[in-house]
Amino acid sequence: MISSSEYGSHSWELLVTVDHQHEEVQKEFLLRVTGDLHIGGVMLKLVEQIKISQDWSDYALWWEQKKCWLLKTHWTLDKCGVQADAKLFFTTQHKMLRLRLPNMKTVRLKVSFSSVVFKAVSDICKILNIRRSEELSLLKQSEDALKKKKKKDKNSKEPVTEDILNLCNSPVSSGLSGSPGLYSKTMTPIYDPISGTPASSTITWFSDSPLTEQNCSILAFSHPNCSPETLAEMYQPRTLADKAKLNAGWLDSSRSLMEQGILEDDQLLLRFKYYTFFDLNPKYDAVRINQIYEQARWAILLEEVDCTEEEMLIFAALQAYHVSKLSLSSEAQDFTCESEVDEVEAALSNLEVTLEGGNASDILEDITDIPKLADNLRLVRPRKLSLKAIKPYWFVFKDTSVSYFKNKESAQGEPIEKLNLKGCEVVPDVNVAAKKFGIKLLIPVADGMNEVYLRCENENQYARWMAACVLASKGKTMADSSYHPEVHKILSFLKMKNWTMSPQAVSDPESIDMKPECFVSLRYTKKYKSKQLAARILEAHQNVSQMSLVEAKLRFIQAWQSLPEFGLSYYIVRFKGSKKDDVLGVSYNRLIRIDIATGDPITTWRFSNMKQWNVNWEIRQVAIEFDQNVSIAFTCLSADCKIIHEYIGGYIFLSTRSKDQNETLDEDLFHKLTGGQE
Numbered sequence: 001m002i003s004s005s006e007y008g009s010h011s012w013e014l015l016v017t018v019d020h021q022h023e024e025v026q027k028e029f030l031l032r033v034t035g036d037l038h039i040g041g042v043m044l045k046l047v048e049q050i051k052i053s054q055d056w057s058d059y060a061l062w063w064e065q066k067k068c069w070l071l072k073t074h075w076t077l078d079k080c081g082v083q084a085d086a087k088l089f090f091t092t093q094h095k096m097l098r099l100r101l102p103n104m105k106t107v108r109l110k111v112s113f114s115s116v117v118f119k120a121v122s123d124i125c126k127i128l129n130i131r132r133s134e135e136l137s138l139l140k141q142s143e144d145a146l147k148k149k150k151k152k153d154k155n156s157k158e159p160v161t162e163d164i165l166n167l168c169n170s171p172v173s174s175g176l177s178g179s180p181g182l183y184s185k186t187m188t189p190i191y192d193p194i195s196g197t198p199a200s201s202t203i204t205w206f207s208d209s210p211l212t213e214q215n216c217s218i219l220a221f222s223h224p225n226c227s228p229e230t231l232a233e234m235y236q237p238r239t240l241a242d243k244a245k246l247n248a249g250w251l252d253s254s255r256s257l258m259e260q261g262i263l264e265d266d267q268l269l270l271r272f273k274y275y276t277f278f279d280l281n282p283k284y285d286a287v288r289i290n291q292i293y294e295q296a297r298w299a300i301l302l303e304e305v306d307c308t309e310e311e312m313l314i315f316a317a318l319q320a321y322h323v324s325k326l327s328l329s330s331e332a333q334d335f336t337c338e339s340e341v342d343e344v345e346a347a348l349s350n351l352e353v354t355l356e357g358g359n360a361s362d363i364l365e366d367i368t369d370i371p372k373l374a375d376n377l378r379l380v381r382p383r384k385l386s387l388k389a390i391k392p393y394w395f396v397f398k399d400t401s402v403s404y405f406k407n408k409e410s411a412q413g414e415p416i417e418k419l420n421l422k423g424c425e426v427v428p429d430v431n432v433a434a435k436k437f438g439i440k441l442l443i444p445v446a447d448g449m450n451e452v453y454l455r456c457e458n459e460n461q462y463a464r465w466m467a468a469c470v471l472a473s474k475g476k477t478m479a480d481s482s483y484h485p486e487v488h489k490i491l492s493f494l495k496m497k498n499w500t501m502s503p504q505a506v507s508d509p510e511s512i513d514m515k516p517e518c519f520v521s522l523r524y525t526k527k528y529k530s531k532q533l534a535a536r537i538l539e540a541h542q543n544v545s546q547m548s549l550v551e552a553k554l555r556f557i558q559a560w561q562s563l564p565e566f567g568l569s570y571y572i573v574r575f576k577g578s579k580k581d582d583v584l585g586v587s588y589n590r591l592i593r594i595d596i597a598t599g600d601p602i603t604t605w606r607f608s609n610m611k612q613w614n615v616n617w618e619i620r621q622v623a624i625e626f627d628q629n630v631s632i633a634f635t636c637l638s639a640d641c642k643i644i645h646e647y648i649g650g651y652i653f654l655s656t657r658s659k660d661q662n663e664t665l666d667e668d669l670f671h672k673l674t675g676g677q678e
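Residue numbering for the sequence shown follows UniProt numbering, starting at 1 and increasing by one per position.
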């Protein structure tokens, strides 16, 4: 019996379950508490009652019914809203999690289940030595992919044993600081920029980290490709609707893993969510570059992004054939010759500029007179009931517009038509072997998109005009510092595509060891015999055979960035006032409304023209307002609208990053732009 004075008029019993490993000790405890007792006091009472001497510093209270952590230890039970019917769970904040990386390797490590996902990903990237963690996030595997995996496991005669890299003794997990997410200009290079191996001066750094040299090679090097049979068993999206399902599982960056139903030892995918790879540097980013390369490689092999046959052969030559061969030799060698490093730095400097999107030091170019292009091109206008009309005209490109005239002499007068390319879609229409150099322009008009094709005579003309069109679509002119790097990038990609049949290449003894089916998507393995594929890949390989390992990966990433579908994340939506579903493509600089049946773009809206966006959380509707009184609203059918809201805010947040290498991320700004007001 409890006396009335001891019982008290305001005290009540609170049931707390303790997550501990001592079987002889009970797990459920009844605490007598009052509403004005703070959370820290509850935990203190609980630990005193458990009577187990261990480190409880990582433990916190989890409120099961409300799906939330009680982390503000100075708050009282009344302020938290905890009453006698609450079920509290006293458990560790850091738990084991399995992560499937872009290179399809699985790592097992301790992650904070109480921190918001944005912070948890930052900690994970410190363990894995990946800078710029804001570009990555965690993704739940799509149901279709899981069904295919279960079917594969069921049909498999032997039990599937997954090779897992265990990093559970990581410094971040145990509360110490890991490797820095950013670097200063005086920081010692961590990797050799040719081979991507850890530099000899940083072996001591690796000895303090879970990333030993062996583990680093697993993350920083590409490993032998999977067999065509394994590729066939993996989930491949066939339609835009299938591609939309892949993006439905992104976790909410503003909530913790536990709040989103993730349990200890669950498996999630760690992926690059935002396709703006800022400040790539081979000296510090061997793991990051390899993981971007691997994400690109699998996106192409599984046809998550479309490419032409010519492009597929270039990817095959670069990726599995060239990179995997060099990776095997690099793991056995250590290239740390200083003189070579300087040459590679020079060779990659132009490439880095294209990947980073221009160099801020070239600001003088931006204040000169805006240059213009003028040349003879052919104009192609598709007609519904007749053949395409192809006519030569004199074209003049100035600012962000292209005008065309009957001939050069009439260029002083009024043009036949002036096309404003700001906000348009620019799609390459190229076949180097057939000497076809076309530019497809989809120009926004009131009732959809106006389709125009420009045909160029040669590579150089195409590169100049294509670069001007790409910049104009973003609202930039040829005076912008990124124009010349863009021309250089286009020419280097065309050069890789431009190969000729060589008798030596086909009879190359290396082709005996080659399994070409491992390097291309299933569509091409069905179309060609193995020997035909091997010969064509070896032809394409001639143009890339002199590249170093890191350069080959960067070239692959660059080629991936050149694809029309690069960086588009798809969602099925219903626009306000529409009676049918559409697909919304979200990119780093624009939104595209796409016809779900044909895959044709209907309208494009640029983030640079966006005035504001918000979400009506009651009806789950995203509303966006653009310049010139253009406004759109839609509900998302294939995922939670919060995912699209976070994508838009995330891309705007990433556009605020500057070249100052010592800067720290403004996490509050990220949550302000992406969190929403649910």
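All C-beta atoms in this analysis are idealised placements derived from N, C-alpha and C, irrespective of residue type, glycine included.
Legend entry - Inter-residue spacing [alpha-carbon to alpha-carbon] between residue 235 and residue 458: Spanning the two alpha carbons is a distance of roughly 40 Å.
Legend entry - Residues that residue 106 bridges to, as DSSP identifies them: DSSP output for residue 106 lists 100, 164 as bridge partner(s).
Inset, instruction - Could you check what DSSP says for residue 220 in three-state terms: helix, strand or coil? - result: When secondary structure is reduced to three states using DSSP, residue 220 falls in the helix class.
Inset, instruction - Buried or exposed for residue 285, please, with buried defined as at least 16 other CB atoms from any protein chain shown within 10 angstroms of its CB. - result: Residue 285 is buried by the Cβ-count criterion.
Legend entry - Nearest neighbour of residue 80, chosen from 232, 521, 70 [CA to CA]: For the residues 232, 521, 70, the minimum Cα distance to residue 80 belongs to 70.
Legend entry - Neighbourhood of residue 249 by C-beta, 7 Å cutoff - its chain only, sequence neighbours within 5 removed: Hits under 7 Å: 139, 140, 141, 142.
Legend entry - Three-state class that DSSP yields for residue 526 in the structure shown: Helix at residue 526.
Inset, instruction - Confirm, please, whether the CB-CB distance from residue 14 to residue 33 is below 9 Å. - result: For the pair residue 33 and residue 14, the CB atoms are nearer than the 9 Å cut-off.
Inset, instruction - Could I get the ranges of all uninterrupted beta strand (DSSP E) runs contained in the region 581-613, with 3 residues as the minimum, in chain order? - result: Here the runs fully enclosed are 582-586, 590-594, 601-606.
Legend entry - Backbone CA spacing between residue 37 and residue 26 [nearest angstrom]: Going from the Cα of residue 37 to the Cα of residue 26 covers about 24 Å.
Inset, instruction - Determine which residues share a DSSP beta bridge with residue 137 and list them. - result: Paired residue(s): 271.
Inset, instruction - Starting from the N-terminal side, write out each stretch of the alpha helix (DSSP H) that is 4 residues or longer and does not extend beyond the region 439-503. - result: The DSSP assignment places complete alpha helix (DSSP H) segments of no fewer than 4 residues inside the region 439-503 at 459-473, 483-497, in order along the chain.
Inset, instruction - Evaluate the contact criterion for the region 666-676 versus the region 638-650: three or more CB pairs, one atom per stretch, below 8 Å. - result: Yes, the region 666-676 touches the region 638-650.
Inset, instruction - Just mark residue 186 as buried or exposed, buried being the case when its beta carbon has 16 or more other beta carbons within 10 Å. - result: Low confidence applies here, because residue 186 scores a pLDDT of 47, under 50, leaving its location unreliable and the question unanswered by this model.
Legend entry - Identity of the residue in 634, 273, 10 nearest residue 132 by Cα: Residue 273 is the option with its Cα nearest to residue 132.
Inset, instruction - Under 8 Å by Cβ, that's how I've got residue 679 and residue 88 pegged, so tell me the actual separation to the nearest angstrom. - result: Since the first and last residues shown for the chain are 1 and 678, residue 679 lies out of range.
Legend entry - Exposed unless 16 or more other CB atoms sit within 10 angstroms - verdict on residue 168: Looking at its Cβ environment, which holds fewer than 16 other Cβ atoms inside 10 Å, residue 168 is exposed.
Legend entry - C-beta contact flag for residue 287 and residue 130 at 9 Å: With contacts defined as CB atoms closer than 9 Å, residue 287 and residue 130 qualify as a contacting pair.
Inset, instruction - Could you name the residues of the same chain whose beta carbon sits closer than 7 Å to that of residue 67, not counting the 5 residues immediately before and after it, in chain order? - result: Correct list, in chain order: 259.
Legend entry - Own chain partners of residue 578 with C-beta closer than 6 Å, once the 5 adjacent residues on each side are dropped: If we look at residue 578 and ignore the five residues flanking it on each side, it has no Cβ neighbours.
Legend entry - For residue 404, the residue or residues it bridges with in DSSP: Within the DSSP bridge table, the entry for residue 404 names 395, 417 as partners.
Inset, instruction - Starting from the Cα of residue 586, find the closest Cα among 580, 597, 570, 576 and give me that residue. - result: Scanning 580, 597, 570, 576 for the CA closest to the CA of residue 586 turns up 570.
Inset, instruction - Apply the 10 Å Cβ neighbour rule to residue 554 and answer buried if 16 or more other Cβ atoms are within range, or exposed otherwise. - result: In summary, residue 554 is buried, with 16 or more beta-carbon neighbours lying within 10 Å of its beta-carbon over all protein chains present.
Inset, instruction - Would you mind reading off the limits of the beta strand (DSSP E) that contains residue 290? - result: No beta strand (DSSP E) holds residue 290; the alpha helix (DSSP H) holding it covers 286-301.
Inset, instruction - Determine the closest residue to residue 593 out of 120, 267, 636, with distance taken between C-alpha atoms. - result: Checking every option, the nearest Cα to that of residue 593 belongs to 636.
Legend entry - For residue 433, three-class secondary structure by DSSP: Residue state, collapsed to three classes: coil.
Inset, instruction - Select from 493, 52, 54, 59 the residue whose C-alpha is nearest the C-alpha of residue 39. - result: The residue with the shortest Cα to Cα distance from residue 39 is 59.
Legend entry - Coarse secondary structure for residue 625, derived from DSSP in three states: In the structure shown, residue 625 sits in a strand (DSSP, three-state: E or B).
Inset, instruction - Name the residue from 84, 536, 97, 400 whose alpha carbon lies nearest to the alpha carbon of residue 112. - result: When each option's Cα is compared against that of residue 112, the closest is 97.
Legend entry - Host alpha helix (DSSP H) of residue 315 (start-end): Looking at the DSSP string, the run of the alpha helix (DSSP H) that includes residue 315 is 309-316.
Inset, instruction - Give a yes or no on whether the minimum CB-CB distance between residue 399 and chain B is below 9 Å. - result: Absence of chain B from the displayed structure is noted, only one protein chain being present.
Inset, instruction - Check each candidate in 422, 425, 456 and name the one with the smallest Cα separation from residue 432. - result: Checked all of 422, 425, 456; the closest Cα to residue 432 is 456.
Inset, instruction - Determine the closest residue to residue 17 out of 493, 10, 49, 277, with distance taken between C-alpha atoms. - result: Nearest option by C-alpha distance: 49.
Legend entry - Helix, strand or coil at residue 69 [DSSP, three-state]: Strand, per DSSP.
Inset, instruction - With distances taken Cα to Cα, identify the nearest neighbour of residue 397 among 470, 445, 390. - result: The shortest C-alpha separation from residue 397 is found at 470.
Legend entry - 3 or more residues per run - each beta strand (DSSP E) lying fully within the region 552-576: For the region 552-576, the continuous beta strand (DSSP E) assignments of 3+ residues that do not extend past its boundaries occur at 569-575, in sequence order.
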